[in-house]
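Chains as they are written, first to last, in full-length UniProt numbering: chain U, 1 to 526; chain A, 1 to 430.
Quick reminder that beta carbons are idealized off the backbone N, C-alpha and C, glycines included.
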């Protein structure tokens, strides 16, 4: 009892600490002072009256949302004596693996830098600054020579690293377990099985209405859709983050999605936020980073070639270039297994006083990174809001998809979850694919790393991301990947090579995500 | 059962000329063939041909404007101002050079706005330019057209383009010119187009007309939005690539990457708008577009020679402005059937397949169908309701038109069900 209480007070203290530095705190203080003018506030019962005022005016809700946001993002403190690295990643071997992967990336970046003799960062001459400012809304029309730039790494390079991950404490010995050795991932992490997933994703069950299934043309809207939309509007009116998160598990109506996601991520466009974005924009104008060219190259290679996202090319530059310069993103490294790369001022290698994080936000983009932003352009059109939403999505979810950690939503766990699901429930298919040299993870990895962006049709992707937000977890990506394989099982059983298997699974754009998930989780006979 | 012999799906009909001698049952013909041969070709009852004799009443910009203006006046007289205002989907247009003076009057009333000059009979963006000063077109008018015409220009003015002039009312000015000037229209340029990603786009929608008297028109659910490759700005009205969204023009732009295509399917466009403006605004926009299709067809209903052998698949070009109002840019009688991408190819092949189903050479349909594949019956001598039973013509009520532009197109399933039930019906003796 006592332990729980002290845990709770520790959590409360930590959250209060965090919120004290935030804008919300200043606003609440101001509101409290202003409320003293109101007739209903009496000196005798000052505390209760102000609390009451906050409740009525909606400020309490805002505070609630902020607390909820903190709880969702930051992991709960484990043990008071645990060092900060444990918060990042409790397993030593994972930390080591992430560290060496980062070294490799940085080496690759530095060698590109030396080869092309381009500085990592330089200040733009005034003329160039003016030009860029003029072209800010149409940077896509620029055609810089990017032929010499290569993406620092691609998902398949990362997959090779994950395949070679080993836990030095885990010795399999002679007992060749059927599970652990058949797939590509060889580390023993705990992943959910289907009964656990059924419980976790209970709102996706057959008896609960879903957008993506129960709003199809054959179903009369009175049965589910109308009521669901009505509830959604109510949730928005109440401005309750937690309720929105719960609501969105059943899918979000198209017209309400933008606001609901903003509510869940606790994003409200304050003047300070717009100002912050403008500040980042100024940083972009003033300094040119090598990373910018990588971003350009990635956008040109991926989003610009996409049939639907090509339209948003300009927005992608406006978001990603600013993102690279945003030092507030460094905050997420406290709970990510990754660490921001350090760069040293010329000639001062090794001297900590001259170390800076490079890029300023500590995130080096890889091939396909821009696809995290592209679907959001469908929902948000105002650059600073789009930016905030993307940043929040990144520091809550996307960073886990390209760093090595033991977190249940980390990419390693997702890969293991995928392979386990497939082995357990489709053993024949799994075995067949393995025999022909087409390990399923080799095909599904790229889907999961990109959270299916660019592979699914946009409306289906947004329904999928609704559930990511609703369950605050990326596990659904692994479940969907397994469900896709299950769906195409008949065709896959007939292929005889990796290339043929790739071909069967090349086009996911016609798939309907929710029926696949429902069938796999709730309607498959095991 | 007559078997269609002469079917050409890609592009226009091959010049068949002499060797066919009326041996065909179905001809997807070229408009030039039609012009030369229609009048003296005998066609059996069952024969179908893919154009109306004088389709140019709808598709040539100057005739369309005339017909629309006339129809509008008629509506105002017969029904009232409100109904007539529904015809205001065409930007103010003046035929050149005969309405030049009217144009100048309008021009002076609105100084500083941009106008666009389009040749009446050409397509694919050829010969179009923008201007703001009268000086620009005065030069052009005097025959120093070379200054304004870009390299995309074909040679101006062949007299073959003008049909034998029953509608031409040229002013005496023109006869002075040595070079025969082809007809142009000057149209008010829509300066506040709706932009997506900073780019201008227009919509291509397909309407199939089976007859004009009575008016029977079908609307295809699929279509696409064509994007300009460059960002919209009014600063560079000389830049063809910014303003003209025809794929043909975009293809020559230095920015153009053929792998990209620059089209969005209408479903995607509809979803995008719904997530931005909400479903009601989108419903209104699409019903305004329905209004454009119907009114434009009604305006030429009495003028077009309605031959029972004829049908026509039109490609409507619609531009949306920032207030979500749709404008009619033009109507094409021979919409391009070449594909710029896999998706495009599928759309066009399905479109053609469904067109043939509606034309129904094999006489399988009962004639009471409201949907065939991707086509929805939009107008059947009166509005067609989505609900079963007789249309509710009592003004508002619960009338929802039977159009599903940009909606789900499960045509394969529908066709299967349709033909299955038709087969079933045939088995039962009547």
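- Using a Cβ-Cβ cut-off of 7 Å, residue 137(U) counts as an interface residue toward chain A, since at least one Cβ of chain A sits closer than that to its own.
- Think of a sphere of 7 Å around the beta carbon of residue 228(A): no beta carbon from chain U falls inside it, the nearest being about 11 Å out.
- Annotation for residue 129(U): no beta strand (DSSP E) segment contains it, though the alpha helix (DSSP H) segment containing it runs 126–134.
- Where residue 297(U) is concerned, the enclosing alpha helix (DSSP H) starts and stops at 290–301.
- If you draw a 10 Å sphere on the C-beta of residue 405(U), you find 16 or more other C-beta atoms in it, and that means buried.
- Residue ranges of uninterrupted alpha helix (DSSP H) with 4 or more members, entirely inside the stretch 206–245 of chain U and ordered along the chain, are 225–238.
- For residue 87(A), the three-state secondary structure derived from DSSP is coil.
- Look at the stretch 140–174 of chain U and you find these whole runs of alpha helix (DSSP H), each 4 residues long or longer: 155–163.
- Distance from the CA atom of residue 435(U) to the CA atom of residue 443(U), rounded to whole angstroms, is 15 Å.
- Its Cα nearest to that of residue 191(A), the residue 91(A) stands out among 269(A), 203(A), 91(A), 219(A).
- In this structure, the beta-carbon distance from residue 408(A) to residue 217(U) falls below 7 Å.
- For the set 454(U), 185(U), 288(U), 58(U), the Cα lying nearest the Cα of residue 375(U) is the one of 454(U).
- The C-alpha of residue 220(A) is placed about 48 Å away from the C-alpha of residue 68(U).
- A contact between stretches requires three or more CB pairs, one per stretch, nearer than 8 Å, and the stretch 278–288 of chain U fails this requirement with the stretch 95–104 of chain U.
- Here residue 57(A) has 63, 64, 67, 300, 303, 304 as same chain residues with Cβ atoms under 8 Å from its own Cβ, once five neighbours each way along the sequence are excluded.
- The beta carbons of residue 93(U) and residue 167(U) sit closer together than 7 Å.
- In this structure, the straight-line span from the alpha carbon of residue 99(A) to that of residue 114(A) is close to 18 Å.
- Distances from the alpha-carbon of residue 410(A) to those of 351(A), 130(A), 106(A) put 351(A) closest.
- With its beta carbon at least 7 Å from every one in chain A, residue 426(U) lies outside the interface.
- With a threshold of 16 other beta carbon atoms within 10 Å, residue 84(U) falls short and is exposed.
- Taking the Cβ atoms as the reference, residue 116(A) lies roughly 5 Å from residue 187(A), within the contact range of under 8 Å.
- Proximity of chain U to residue 406(A) at the Cβ level (cut-off 9 Å) is not reached, the minimal Cβ distance being about 12 Å.
- In the three-state reduction of the DSSP assignment, residue 369(A) falls in the coil class, being assigned neither a helical nor a strand state.
- Close to chain A, meaning a Cβ-Cβ distance shorter than 8 Å, are the following residues of the stretch 287–320 of chain U: 304, 305, 307, 308, 310, 311, 312, 313, 314, 315.
- Unbroken beta strand (DSSP E) stretches of 3 residues or longer found wholly inside the stretch 321–354 of chain A: 326–332, given in chain order.
- Counted as a single uninterrupted DSSP element, the stretch harbouring residue 186(A) is not any alpha helix (DSSP H) but the beta strand (DSSP E) occupying residues 184–188.
- Boundaries cannot be given for residue 254(U), as no beta strand (DSSP E) includes it and DSSP labels it neither H nor E.
- Between the stretch 473–489 of chain U and the stretch 414–421 of chain U there are three or more C-beta pairs closer than 8 Å, enough to call the two in contact.
- The three-state secondary structure of residue 322(U), taken from DSSP, is helix.
- The beta carbon of residue 339(A) does not come within 7 Å of any beta carbon belonging to chain U, so the residue lies off that interface.
- Taking 9 Å as the upper bound on Cβ-Cβ separation, chain A lies near residues 378, 379, 381 of the stretch 378–392 of chain U.
- In the three-state DSSP reduction, residue 73(A) falls in the helix class (H, G or I).
- Ranked by Cα distance from residue 283(A), the options 295(A), 325(A), 212(A) are led by 325(A).
- In the displayed model, residue 93(A) falls within a strand according to three-state DSSP.
- DSSP places residue 506(U) in the coil class of the three-state scheme, outside both helix and strand.
- Using a Cβ distance threshold of 7 Å, residue 466(U) and residue 232(U) do not count as a contacting pair.
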